[in-house]
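Trainee: FYI, the working numbering numbers position 106 of the sequence shown as 106, with every residue one higher than the one before it. The beta carbon of each residue, even a glycine, is placed where N, CA and C say it ideally should be. Sharing a structure here in structure tokens format.
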Amino acid sequence: MLDLERLSELAWSGQTPVFATISGAHLYGFASENTDVDLRGAFVLPARAILGLRGPVETVSRTLEVDGEEIEWVGLDIGKFVRMLTQHNGYVLEQLFSPLVVVGGPRLDELRALGRGCITRKLLRHYRGFAQGRRRLLARPGATVKHLLYAYRVYLTGIHVLETGEIQAHLPTLNERFQRSRVAELIERKCAGTEKQELEPAEAAEHARELDVLEHELGRAAE
């Protein structure tokens, strides 16, 4: 259970937020007991910050610890956020369309309407690049269950959005559609707190073949 009131206070502790949503493992559907809370969103800078001689601070970050739980708020100036949207950044699209809303309202609704225009085939670059980065981690010694789970999450989110036009980052929901038995097992291991467990070579090789299939399906979805 997330303390939405405390999260809202954190989002409002600086510049006026346009929206704030939950991202990270809570959004992806595999938060474990000690998982930190990732609060993300956009804010509006005052006119004097925009019109000054110095460039404005476009990113703010604050961390709050409550009862041993760490909450991190990272907000982007709305100008920077929209630039990232138009550059087909899946990460900010996932924040924008997160169903775990802490600060919302008409401005979030308007921004989501604009954001739908940024869901195009060019998202392939984001999701393929993100997935390949995860696979490089998997190729190194000491690769973990967490690295593998995030690779699956990125591939399935990318395939889903390119086929349907819908941003869906919640892995259990995605797996209801894709029915990957190994994904369900990985989610169980992550939620049980064993995400840092290292993969056995045979296990890593087996999953690498499955990720090769998803790489092909991602390209086909873009076509």
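1) Who pairs with arginine 83 in a beta bridge, going by DSSP?
2) From Ala131, Leu10 and Leu39, pick the residue whose C-alpha is nearest to that of serine 98; which is it?
3) Leaving aside the five residues before and after glycine 104 along the sequence, list all residues of the same chain whose C-beta is less than 7 Å from its C-beta, in chain order.
4) Quick one: residues in its chain with C-beta nearer than 6 Å to the C-beta of glutamate 58, no 5 flanking neighbours on either side, listed in chain order?
5) Contact between the stretch 204-214 and the stretch 44-58: three or more CB pairs below 8 Å?
6) Can you grab the Cα-Cα spacing for the pair leucine 174 / serine 23, in whole Å?
7) Rounded to a whole number of angstroms, what is the C-alpha to C-alpha distance between lysine 122 and proline 17?
8) What are the residues that DSSP puts in a beta bridge with serine 61?
9) In terms of residues, what are the limits of the beta strand (DSSP E) holding histidine 17?
10) Is it buried or exposed for lysine 190, if we count other Cβ within 10 angstroms and need 16 for buried?
11) Taking only three categories from DSSP, how would you classify aspartate 109?
12) Look at the alpha carbon of glutamine 179 and the alpha carbon of leucine 96, and state the distance between them as a whole number of angstroms.
13) What first and last residue would you give for the alpha helix (DSSP H) that runs through arginine 6?
14) Going by DSSP, what residue range makes up the beta strand (DSSP E) through alanine 42?
15) Go through its chain and collect everything with a Cβ distance to valine 44's Cβ below 7 Å, but skip five positions before and after it.
16) Taking leucine 111 as the reference, give the member of Tyr127, Gly129, Leu124 and Val92 with the closest Cα.
17) Taking all protein chains shown into account, do 16 or more other C-beta atoms lie within 10 angstroms of the C-beta of histidine 216, making it buried, or fewer, making it exposed?
18) How is the alpha helix (DSSP H) around proline 172 delimited, first residue to last?
19) In whole angstroms, what is the alpha-carbon distance linking glutamate 69 and arginine 6?
20) Nearest-angstrom Cα distance between glutamine 87 and glutamate 223?
21) According to the neighbour-count rule (16 or more other Cβ atoms, all chains shown, within 10 Å of its Cβ), is threonine 164 buried or exposed?
22) Does DSSP classify threonine 157 as helix, strand or coil?
Mentor: Inspection of the coordinates gives the following:
1) Taking the first residue of the sequence shown as position 1, residue 83 is located at position 83. According to DSSP, arginine 83 bridges with nothing at all.
2) Along the sequence shown, one-based indexing puts residue 98 at 98. Answer by Cα proximity: Leu39.
3) Reading the sequence shown from its first residue, position 104 is the one you call residue 104. Short of 7 Å from the beta carbon of glycine 104, and not among the five residues preceding or following it, lie these beta carbons of its own chain, in chain order: Phe19.
4) Position 58 of the sequence shown, counted from the first residue, corresponds to residue 58. Within its own chain, the residues whose Cβ lies closer than 6 Å to the Cβ of glutamate 58, once the five positions on either side in sequence are excluded, are Asp77 and Lys80, listed in chain order.
5) Between the stretch 204-214 and the stretch 44-58, the count of Cβ pairs shorter than 8 Å is below three; the stretches do not touch.
6) Against the sequence shown, residue 174 aligns to sequence position 174. Against the sequence shown, residue 23 aligns to sequence position 23. Cα to Cα, leucine 174 sits roughly 16 Å from serine 23.
7) Here residue 122 refers to the residue found at position 122 when the sequence shown is read from its first residue. Here residue 17 refers to the residue found at position 17 when the sequence shown is read from its first residue. Rounded to the nearest angstrom, the two C-alpha atoms are 28 Å apart.
8) Reading the sequence shown from its first residue, position 61 is the one you call residue 61. Serine 61 pairs with Val74.
9) Here residue 17 corresponds to residue number 17 of the sequence shown, with the count starting at 1. Residue identity check: residue 17 is proline in the sequence provided, not histidine. Residues 16-23.
10) Mapped onto the sequence shown, residue 190 falls at position 190. Label assigned to lysine 190: buried.
11) Locating residue 109 in the sequence shown gives position 109, where the first residue counts as 1. In the three-state DSSP reduction, aspartate 109 falls in the helix class (H, G or I).
12) Within the sequence shown, numbered from 1, the residue matching residue 179 stands at position 179. Within the sequence shown, numbered from 1, the residue matching residue 96 stands at position 96. Answer to the nearest angstrom: the Cα atoms are 26 Å apart.
13) Position 6 of the sequence shown, counted from the first residue, corresponds to residue 6. Residues 4-11.
14) Locating residue 42 in the sequence shown gives position 42, counting from the first residue. Taken as a continuous stretch (DSSP letters only), the beta strand (DSSP E) holding alanine 42 covers 37-44.
15) Position 44 of the sequence shown holds residue 44. The answer, listed in chain order, is Gln15, Thr16, Val18 and Ile78.
16) Here residue 111 corresponds to residue number 111 of the sequence shown, with the count starting at 1. With distances taken between Cα atoms, leucine 111 lies closest to Val92.
17) Translated into the one-based positions of the sequence shown, residue 216 becomes position 216. Looking at its Cβ environment, which holds fewer than 16 other Cβ atoms inside 10 Å, histidine 216 is exposed.
18) The residue labelled residue 172 in the question sits at position 172 within the sequence shown. Per DSSP, proline 172 belongs to the alpha helix (DSSP H) from 171-178.
19) Indexing the sequence shown from 1 puts residue 69 at position 69. Indexing the sequence shown from 1 puts residue 6 at position 6. Distance between the alpha carbons of glutamate 69 and arginine 6: 12 Å.
20) To locate residue 87, count along the sequence shown from 1; it is residue 87. To locate residue 223, count along the sequence shown from 1; it is residue 223. Those two C-alpha atoms are separated by around 19 Å.
21) As a position in the sequence shown, residue 164 is number 164, starting the count at 1. By the neighbour-count rule (16 or more Cβ atoms within 10 Å), threonine 164 is not buried but exposed.
22) Position 157 of the sequence shown, counted from the start, is the residue given in the question as residue 157. Threonine 157: helix per DSSP, three-state reduction.
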